[in-house]
């Protein structure tokens, strides 16, 4: 049996009861080493299989092998395992006879939004700026449509060493579609130690603050700052 | 003090540890009566203030009043309180002196995706089809851009008595942009009693099954059915 588990953004507080219980009860936990570190307090007798980034396929194959041998296996992702996580890969690698259950978690955008205020009250989208698995042109086409549709936009994986300028290029496209009167929220280390956040006007973003631990939320035409919080009103009669 | 809490889709299992603990400890819980019903096992000494739909502003005002009088108040939303929930309204109604904390939850799309398989592995968006608070033309413009950008699309509030045909109109726009080779998932009562789900080709949707308890996820060009699950592969090398 394989449980594909979203552990939430980081703190055990933001994990669901179900995720917590299953992690405690399995024989084996498989995950990226940073995520294994986040769930340390839940580890006692379980076998731990951890490896580095880009080892996703090997990890999932090991999980399937152990599950077929009769072990209860937890494959963990940060946030939700179905959002840029391991759930899809497990299904792709399965032979159709494996028992698989996806256990939902709080994805990063939701945790970051709670920190910034309430920017996701209205229609929004998720776009990953990583071009490791998606062509750059596809990413930028999505940015353009999301801005033209006046969506609030959550940018996952906004920057890494290999692609330092994707974020500036994405923001330039949004700026062209939506103008300069837009608010942008940046959250670093959401739900983990050293969490911090910043809110900028789109032309005043400090790009040097954005790194691999960041998530960027770009507001839409309705997004406002209310008492220092970033809020996209839904339109209730006040 | 006001805690604006997402209780997750319904079952207590899918609530975060933090949400559960805060609900147990507050003086007063304010919410739509259906949601109060979902958290019954957590209620002991707390004062309960519940009302019906469209009573959102009155509920939030009562919560602020009690908080200002020194009570610890939990305002609850299903899913996440920052996604079509109460978080934005609380900030809008606040005078800036209220202590407000948003506690994240698992939003419906994430729970529905886990039931269907892994359809949200790649870029996706949320669109609500309710035109109570958003002009119909804005909604349909967003549908068109989301389809043109090849996003996976999660439709919240797909149908109610007052707007029986929005869902068919939205699907027609997506069909026109994206063609007929698209998979559509429907989940009813996600995370609650009587949960059920269906997967259709876009031209074979049974619209009679869609109701107020439903969430609809429309796949993109990459979405496949793998061993009866709806999966949008992210592109890892297998």
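Residue numbers (this note's numbering), protein chains in the order written: chain A, 1 to 238; chain B, 239 to 476.
Cβ coordinates follow ideal geometry from the N, Cα and C atoms, glycine included.
Distance between beta carbons of residue j and residue i, contact taken as under 8 Å
i: residue 152 of chain A; j: residue 122 of chain A; result: 6 Å
i: residue 242 of chain B; j: residue 313 of chain B; result: 5 Å
i: residue 143 of chain A; j: residue 127 of chain A; result: 6 Å
i: residue 91 of chain A; j: residue 355 of chain B; result: 6 Å
i: residue 332 of chain B; j: residue 302 of chain B; result: 7 Å
i: residue 386 of chain B; j: residue 145 of chain A; result: 5 Å
i: residue 200 of chain A; j: residue 206 of chain A; result: 7 Å
Residue i versus the options, residue with shortest Cα-Cα distance
i: residue 424 of chain B; options: B:362, B:441 and B:350; result: B:350
i: residue 455 of chain B; options: B:307, B:432, B:412 and B:296; result: B:412
i: residue 73 of chain A; options: A:1, A:206 and A:194; result: A:1
i: residue 214 of chain A; options: A:232, A:195, A:81 and A:231; result: A:195
i: residue 321 of chain B; options: A:75, A:110 and A:172; result: A:110
i: residue 120 of chain A; options: A:35, A:143, A:4 and A:221; result: A:221
i: residue 283 of chain B; options: B:265, B:317, B:271 and B:335; result: B:265
i: residue 99 of chain A; options: A:116, A:69 and A:6; result: A:69
i: residue 461 of chain B; options: A:88, A:157 and A:80; result: A:88
i: residue 379 of chain B; options: B:401, B:409 and B:352; result: B:409
i: residue 257 of chain B; options: A:97, A:114 and A:40; result: A:114
i: residue 71 of chain A; options: A:78, A:62 and A:79; result: A:62
i: residue 323 of chain B; options: B:473, B:247 and B:415; result: B:247
i: residue 131 of chain A; options: A:7, A:156, A:30 and A:64; result: A:156
i: residue 204 of chain A; options: A:134, A:180, A:212 and A:136; result: A:180
i: residue 363 of chain B; options: B:277, B:388 and B:319; result: B:388
i: residue 367 of chain B; options: B:385, B:407, B:334 and B:244; result: B:407
i: residue 335 of chain B; options: A:137, A:226 and A:210; result: A:226
i: residue 269 of chain B; options: B:244, B:385 and B:475; result: B:244
i: residue 135 of chain A; options: A:163, A:47, A:29 and A:147; result: A:163
i: residue 159 of chain A; options: A:209, A:178 and A:58; result: A:209
i: residue 475 of chain B; options: A:58, A:148, A:183 and A:182; result: A:58
i: residue 51 of chain A; options: A:35, A:80 and A:190; result: A:35
i: residue 316 of chain B; options: B:271, B:281 and B:286; result: B:271
i: residue 278 of chain B; options: B:291, B:293, B:292 and B:262; result: B:262
i: residue 422 of chain B; options: B:276, B:298, B:429 and B:466; result: B:466
i: residue 161 of chain A; options: A:212, A:66, A:192 and A:81; result: A:212
i: residue 178 of chain A; options: A:188, A:138, A:207 and A:219; result: A:219
i: residue 276 of chain B; options: B:294, B:438, B:298 and B:428; result: B:428
i: residue 414 of chain B; options: B:292, B:291 and B:440; result: B:440
i: residue 470 of chain B; options: B:431, B:294, B:420 and B:304; result: B:420
i: residue 304 of chain B; options: B:287, B:430, B:281 and B:438; result: B:287
i: residue 42 of chain A; options: A:29, A:188 and A:53; result: A:29
Residue i - DSSP class collapsed to helix/strand/coil
i: residue 26 of chain A; result: coil
i: residue 307 of chain B; result: coil
i: residue 459 of chain B; result: coil
i: residue 14 of chain A; result: helix
i: residue 467 of chain B; result: strand
i: residue 383 of chain B; result: helix
i: residue 453 of chain B; result: strand
i: residue 404 of chain B; result: helix
i: residue 128 of chain A; result: strand
i: residue 241 of chain B; result: strand
i: residue 235 of chain A; result: coil
i: residue 276 of chain B; result: helix
i: residue 281 of chain B; result: coil
i: residue 358 of chain B; result: coil
Residue i CB to nearest heavy atom of the ligand FAD below 7 Å
i: residue 121 of chain A; result: The ligand FAD is absent from the structure shown, which contains no ligand whatsoever.
Chain C residues whose Cβ lies nearer than 9 Å to that of residue i
i: residue 310 of chain B; result: Here the protein chains are A and B, and chain C is not one of them.
Quiz item: Considering only residues of the region 173-213 of chain A, which uninterrupted beta strand (DSSP E) runs meet the minimum length of 3 residues and lie entirely inside it, listed in chain order?
Solution: As summarised for the region 173-213 of chain A, the continuous beta strand (DSSP E) elements at least 3 residues long and confined to that stretch are 183-188 and 196-201, given in chain order.
Self-check item: Stretch-stretch touch, CB-based, cutoff 8 Å, three pairs: the region 3-16 of chain A with the region 101-115 of chain A
Solution: A contact exists between the region 3-16 of chain A and the region 101-115 of chain A.
Self-check item: beta strand (DSSP E) segments (min. 3 residues) lying fully within the region 283-336 of chain B
Solution: Segments of the beta strand (DSSP E) lying fully in the region 283-336 of chain B: 285-289 and 311-315.
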